[in-house]
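Taken in sequence, the protein lines are chains A and B.
First residue of the first sequence? That's 1 in the numbering used here, and the numbers climb one at a time after it.
First residue of the second sequence? That's 112 in the numbering used here, and the numbers climb one at a time after it.
For every residue, glycine included, the Cβ atom is placed at its ideal position computed from N, Cα and C.
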Amino acid sequence: DVKVTQSSRYLVKRTGEKVFLECVQDMDHENMFWYRQDPGLGLRLIYFSYDVKMKEKGDIPEGYSVSREKKERFSLILESASTNQTSMYLCASSFGSGPRIFGSGTQLSVL
Amino acid sequence: GQQVMQIPQYQHVQEGEDFTTYCNSSTTLSNIQWYKQRPGGHPVFLIQLVKSGEVKKQKRLTFQFGEAKKNSSLHITATQTTDVGTYFCAATTSGTYKYIFGTGTRLKVLA
């Protein structure tokens with residue numbers, strides 16, 4: 001069964017901490033995406049990557065960075081977590097256009 | 112920037128009634144995707160529409176892409192309790208991986 005796996009389902013961090021969210025896909029997909037989902041706002045694209053070491057900013061990249069050292073892994077980094085980064089974070093991957101296959105999500109709470 | 116408006120925000124129907132959600136854009140779209148997210152779950156890809164005027168069916172679900180490629184709809188015939196969830200459209204203009212998600216329509220089906 002093909003999968004996008006996110007390392008944590010729930011995460012609680014303190015303001016100012018550096019936070020790593022990990023995502024791994026087993027489908028050899030070229031494209032990987034990070035979204036955040038907030039009530040009433042739908043899904044908003046933070047970053048996407050179309051190849052190893054390649055990345056493009058999405059609509060809300062401020063306060064985030066990403067790393068893609070291997071094809072199967074795409075990490076989202078919050079350099080200094082803030083309370084307004086409390087959200088559901090969704091990773092996705094695909095061969096072609098669009099996100100397609102989503103992981104189960106990480107609910108991040110920043111206190 | 113590009114926006115995709117999705118209506119209605121909520122819809123409650125009696126089991127057996129039909130349901131339709133609409134996505135509208137002020138700009139011409141390259142293609143549009145539809146996703147379903149069950150309560151507590153992650154978005155699951157349903158379909159992609161690419162051609163002007165395209166109509167696709169999946170059992171009780173009918174998807175349409177407008178002739179001008181500025182709007183799309185998802186219609187469910189004779190809803191069932193298993194149809195409960197939030198339906199999102201996600202659209203892109205040509206040559207971009209940046210899919211913009213609509214804010215979703217939350218469907219509740221009353222037995």
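Amino acids of chain B, ordered along the chain, whose beta-carbon sits closer than 8 Å to that of proline 61(A): Within the first sequence, numbered from 1, the residue matching residue 61(A) stands at position 61. Under the 8 Å cutoff, chain B gives no residues; its nearest Cβ is about 12 Å from proline 61(A).
Rounded C-alpha distance that separates phenylalanine 48(A) from lysine 55(A): Sequence index remark: in the first sequence, residue 48(A) carries index 48 (1-based). Sequence index remark: in the first sequence, residue 55(A) carries index 55 (1-based). If I take the Cα positions, the gap works out to 6 Å.
Opening and closing residue of the beta strand (DSSP E) in which isoleucine 60(A) lies: For the purposes of this step, residue 60(A) is taken as the residue at position 60 of the first sequence. Looking at the DSSP string, isoleucine 60(A) is not in any beta strand (DSSP E), and its letter there is neither H nor E.
Among Lys180(B), Ala222(B) and Ala179(B), nearest to threonine 190(B) - alpha-carbon criterion: In the second sequence, residue 190(B) corresponds to position 79, counting from 1. Threonine 190(B) has its Cα closest to that of Ala222(B), out of Lys180(B), Ala222(B) and Ala179(B).
Beta carbon proximity, histidine 153(B) to chain A, threshold 8 Å: Taking the first residue of the second sequence as 1, we reach residue 153(B) at position 42. Yes, contact with chain A.
C-alpha gap between glycine 215(B) and phenylalanine 199(B), whole angstroms: To locate residue 215(B), count along the second sequence from 1; it is residue 104. To locate residue 199(B), count along the second sequence from 1; it is residue 88. Computed Cα separation, rounded: 4 Å.
Buried or exposed by the 16-neighbour rule on C-beta atoms within 10 Å, applied to aspartate 194(B): Start at 1 with the first residue of the second sequence, and residue 194(B) comes out as number 83. Here aspartate 194(B) is buried, its C-beta having at least 16 other C-beta atoms within 10 Å.
Test: asparagine 182(B) CB closer than 8 Å to a CB of chain A: By 1-based counting over the second sequence, the position of residue 182(B) is 71. Interface flag for asparagine 182(B) against chain A is unset, since no Cβ pair is found closer than 8 Å.
Cβ-based burial, glycine 151(B) [other Cβ within 10 Å; buried from 16]: Here the question's residue 151(B) lines up with position 40 in the second sequence. Glycine 151(B) is classed as exposed because its beta carbon has fewer than 16 other beta carbons within 10 Å across all chains shown.
Neighbouring residues, chain A, relative to glutamine 159(B) (Cβ below 8 Å): What you label residue 159(B) is simply residue 48 of the second sequence in a count that begins at 1. Here the neighbours are Ser97 and Gly98.
Nearest-angstrom Cα separation, counted from aspartate 26(A) out to lysine 13(A): The residue you call residue 13(A) lines up with position 13 of the first sequence. The residue you call residue 26(A) lines up with position 26 of the first sequence. So the two alpha carbons sit approximately 28 Å from each other.
Residues that threonine 214(B) contacts on chain A, provided the C-beta gap is smaller than 8 Å: Here the question's residue 214(B) lines up with position 103 in the second sequence. Those within 8 Å of threonine 214(B) in chain A are Gly40, Leu41 and Gly42.
Within 8 Å of chain B by C-beta, residues of the stretch 66–85 of chain A in sequence order: Hits within the stretch: zero.
Test: glutamate 22(A) CB closer than 8 Å to a CB of chain B: Translated into positions along the first sequence, residue 22(A) becomes position 22. Glutamate 22(A) does not count as touching chain B.
Neighbour flag for lysine 147(B) against chain A, beta carbons, 8 Å: The residue labelled residue 147(B) in the question sits at position 36 within the second sequence. Taking Cβ atoms only, chain A never reaches closer than 8 Å to lysine 147(B), which makes this a no.
Burial state of glycine 98(A), where buried means 16 or more other Cβ atoms lie within 10 Å: Within the first sequence, residue 98(A) is the residue found at index 98, counting from 1. Per the 10 Å Cβ criterion, buried.
Any chain B beta carbon closer than 8 Å to serine 104(A): Taking the first sequence and counting its residues from 1, the one referred to as residue 104(A) is at position 104. So yes, serine 104(A) belongs to the interface.
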